[in-house]
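Enquirer: Before anything else, here's the structure in question.
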Amino acid sequence: MARDRALMEEATAWAVRTGDPAFDDWDGFTAWLERDPAHAQAYDAVMAAVADAAEALPQVPEAGNDDEQAATTRRRWIGGALTLALAGLAAFGAWQMRGGSHAVETAPGEIEIIALESGGEITLAGGSRIVIERGDRLVSLERGQALFRVENDAGAPFTVRVGEDTLVDVGTVFDVARTTEGLRVAVSEGAVVLNPGVDDARVSPGQVLSLNAATRRFEIGSVALEQVGEWREGRLTFQDTSLEDVAADLSRATGTPFVVSPRAGEQRVSGSIVLDGVRRDPRTLGALLGITVRHNGTAWEIGAR
Amino acid sequence: MRPSLAAAPTPPGAAATHPLPKPPAGFYSGRRKGSVTGLADSNSSAGLEAAFLANRERLLRFLLARGAGDAAEDLLQEVWLKIATGRTGPVASPVSYLFRIADTLMIDRYRSERQAERREREWGRVNDGSTPGVSDAPSVERHIIGRQHARLVSETLAGLGERPAAIFRRHRIDQVPQRQVAEEFGVSLSTVESDLRRAYAALAALKERIDEA
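Residue numbers (the working numbering), protein chains in the order written: chain A, 1 to 305; chain B, 306 to 518.
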């Protein structure tokens with residue numbers, strides 16, 4: 001059955017618009033649908049045809065985004081300045097030159113929410129420090145962890161610097177932590193690119209990238225979406241995490257110092273914990289994570305069991 | 306002696322240091338502080354649930370306009386279950402997210418209905434007596450159709466020219482937002498939209514031809 005040409009054109013235009021994550025005119029779309037039941041049928045036909053086509057096409061995995069090749073040796077580090085140049089962010093240099101940055105710092109056990117002028121907000125975890133450049137499209141995570149929810153603006157991409165590494169936001173919601181080895185970024189919505197032009201590693205929703213800053217190797221694994229930024233709700237999940245990072249995360253989140261026992265060895269732990277319980281009695285960690293917990297007079301020492 | 310941790314919590318804000326001077330007005334629009342547990346209201350699924358409750362009628366109206374008919378309430382329930390089971394992370398725009406779930410449910414429903422119809426037709430063909438006893442014929446046939454389909458889709462896209470085909474792949478296969486695609490290809494957003502419209506129209510026409518065959 002050949003559908004009315006004008007109707008198909010309208011349906012196609014709506015399909016293109018609603019297919020983009022930035023689309024928000026759902027009331028306008030509803031009004032168009034309500035005008036004629038044939039509108040919904042035409043829209044469904046286009047959306048189904050496009051979905052069928054997209055599924056039929058062989059998918060070409062992107063570089064650095066291949067789960068089967070979890071550990072990827074990154075290309076040689078060329079140097080911070082060049083990385084930024086390659087990122088092609090013309091606006092970037094301008095912000096730098098204008099100067100006028102502002103730092104926000106949290107005490108351990110505290111959380112701070114920073115509303116951004118350009119839209120969106122940053123939730124800064126405990127024991128963390130962030131520097132926001134004027135124009136607030138460039139921030140440096142100097143210590144700790146933060147959840148970013150930012151507005152996408154192709155003209156001025158939102159950029160997070162972590163040490164020498166650069167994360168450019170292609171979408172909206174992601175969590176960045178400085179780890180003892182380097183950095184970890186988990187994406188809940190949209191996408192983030194690590195060191196554009198150098199690594200070009202794209203992290204998609206449900207993925208977590210861990211970078212070792214010394215060896216320059218990174219891995220992309222999966223993360224349950226509800227775990228991204230869960231620390232805001234008083235929960236921490238560890239997945240094959242080093243004891244150093246567990247101690248750092250716990251100190252930041254609870255405001256109570258945790259350290260790794262000098263004789264801990266190379267153990268890595270996995271598990272999910274509720275911070276309230278840990279605050280009441282840190283020794284409960286032992287059973288939850290399969291580690292030893294003892295107080296050494298100044299801090300809680302965790303070690304391999 | 307083990308020190309009591311509960312008795313000595315860090316008072317919120319007490320140890321926070323802001324070494325740089327106060328930012329100029331308008332630098333950013335505001336800040337809120339809270340303890341880890343004091344931010345329960347920022348829970349992502351709680352935010353979605355609140356958005357759902359506040360927009361229930363709008364969503365229902367949308368589902369009805371989408372042609373859900375008697376199933377609208379059931380589908381609304383399905384939207385609720387998807388967010389209440391907590392399988393979502395923080396989202397930037399909860400309301401848009403809910404509409405998108407509802408829209409996707411409707412598209413999935415349409416597709417599975419069409420698939421069931423197709424299966425019935427194929428089953429009918431096989432059992433009309435021309436090839437008795439070849440019970441797996443439909444699946445084999447579908448497999449070949451699938452490969453032919455992939456080739457036809459590639460040809461259809463290629464027929465539009467290099468850029469529309471590449472833009473379609475970047476947006477639909479790699480899931481890159483349209484604005485970002487525009488930036489990558491060095492074209493305007495409206496060019497991306499128009500390329501995608503051409504690709505969608507060609508693929509819809511292809512689908513009609515396949516279905517009628």
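Where is the CB? At the ideal position from N, CA and C, for every residue including glycine.
Should residue 262 of chain A go down as buried or exposed, given a rule of 16 or more other Cβ atoms within 10 Å for buried?
Expert: Under this definition residue 262 of chain A is an exposed residue.
Enquirer: In terms of DSSP beta bridges, what is residue 105 of chain A paired with?
Expert: Its beta-bridge partners are A/129.
Enquirer: Checking the sheet assignment: what are the DSSP bridge partners for residue 212 of chain A?
Expert: Beta-bridge pairing links residue 212 of chain A to A/182 and A/217.
Enquirer: Counting only beta-carbon separations shorter than 8 Å, does residue 188 of chain A have a partner in chain B?
Expert: By this cut-off, residue 188 of chain A is an interface position.
Enquirer: Chain A beta carbons: is any one of them nearer than 8 Å to that of residue 395 of chain B?
Expert: By this cut-off, residue 395 of chain B is an interface position.
Enquirer: Checking contacts by CB at 8 Å: is residue 37 of chain A closer than that to chain B?
Expert: Output row for residue 37 of chain A: interface = yes.
Enquirer: Quick check on the DSSP output: the alpha helix (DSSP H) that includes residue 39 of chain A runs from which residue to which?
Expert: Where residue 39 of chain A is concerned, the enclosing alpha helix (DSSP H) stretches over 37–56.
Enquirer: I'd like to know whether the C-beta of residue 229 of chain A is nearer than 8 Å to at least one C-beta of chain B.
Expert: Yes, because at least one Cβ of chain B sits closer than 8 Å to the Cβ of residue 229 of chain A.
Enquirer: Taking 6 Å as the limit between beta carbons, can you name the residues of its chain near residue 307 of chain A, skipping five residues before and five after?
Expert: Because chain A spans 1 through 305 in this model, residue 307 of chain A falls outside it and cannot be assessed.
Enquirer: Would you list, in chain order, the members of the stretch 130–164 of chain A that have their beta-carbon closer than 9 Å to a beta-carbon of chain B?
Expert: Correct list: 131, 132, 134, 136, 147, 149, 150, 151, 152, 153, 154, 155 and 157.
Enquirer: On the three-state DSSP scale, how would you describe residue 222 of chain A?
Expert: Correct three-state label for residue 222 of chain A: strand.
Enquirer: Assuming contact is defined by CB atoms lying nearer than 8 Å, are residue 401 of chain B and residue 26 of chain A in contact in what I supplied?
Expert: Contact flag set, yes.
Enquirer: If we define contact as Cβ-Cβ less than 8 Å, is residue 482 of chain B a contact residue for chain A?
Expert: Chain A, which has a Cβ nearer than 8 Å to the Cβ of residue 482 of chain B, makes this yes.
Enquirer: Are the C-beta atoms of residue 359 of chain B and some chain A residue less than 8 Å apart?
Expert: Closer than 8 Å: no.
Enquirer: What are the boundary residues of the alpha helix (DSSP H) that residue 385 of chain B is part of?
Expert: Looking at the DSSP string, the run of the alpha helix (DSSP H) that includes residue 385 of chain B is 377–389.
Enquirer: Using DSSP with H/G/I as helix, E/B as strand and the rest coil, what is residue 263 of chain A?
Expert: Coil.
Enquirer: Give the residues of chain C in contact with residue 21 of chain A, contact being defined as C-beta atoms less than 7 Å apart.
Expert: In summary, chain C is missing from the structure at hand, where the protein chains are A and B.
Enquirer: Given a threshold of 16 other Cβ atoms within 10 Å of its Cβ, counted over all protein chains shown, does residue 270 of chain A qualify as buried or as exposed?
Expert: Counting Cβ neighbours within 10 Å, residue 270 of chain A comes out exposed, since fewer than 16 surround it.
Enquirer: Looking only at DSSP bridge pairs, what is residue 493 of chain B linked to?
Expert: None; residue 493 of chain B has no bridge partner.
Enquirer: Do residue 457 of chain B and residue 511 of chain B have their beta-carbon atoms positioned less than 8 Å apart in this structure?
Expert: Taking 8 Å as the Cβ cut-off, residue 511 of chain B and residue 457 of chain B qualify as a contacting pair.
Enquirer: Using 10 angstroms around the beta-carbon of residue 379 of chain B, count the other beta-carbons present and answer buried if the total reaches 16, otherwise exposed.
Expert: The residue is exposed, with fewer than 16 neighbouring Cβ atoms inside 10 Å.
Enquirer: DSSP state of residue 275 of chain A, grouped into three classes?
Expert: If DSSP states are grouped into helix, strand and coil, residue 275 of chain A belongs with the helices.
Enquirer: So which residues on chain B does residue 34 of chain A lean against when the C-beta distance must stay under 9 Å?
Expert: Ordered by position in chain B, the residues that pass the 9 Å Cβ test against residue 34 of chain A are 366, 369 and 370.
Enquirer: Any beta-carbon of chain B closer than 8 Å to the one on residue 15 of chain A?
Expert: True, the Cβ-Cβ gap to chain B drops below 8 Å.
Enquirer: When we look at the beta-carbon of residue 210 of chain A and count the other beta-carbons within 10 Å, is it buried (16 or more) or exposed?
Expert: So residue 210 of chain A ends up on the buried side.
Enquirer: Within a Cβ cutoff of 6 Å, which residues of the same chain sit near residue 192 of chain A, ignoring the five residues on either side of it in sequence?
Expert: Cβ neighbours of residue 192 of chain A beyond the five flanking positions: 167, 169, 174, 185 and 203.
Enquirer: Need the endpoints of the alpha helix (DSSP H) that residue 246 of chain A sits in, please.
Expert: From DSSP, the alpha helix (DSSP H) with residue 246 of chain A extends over 243–254.
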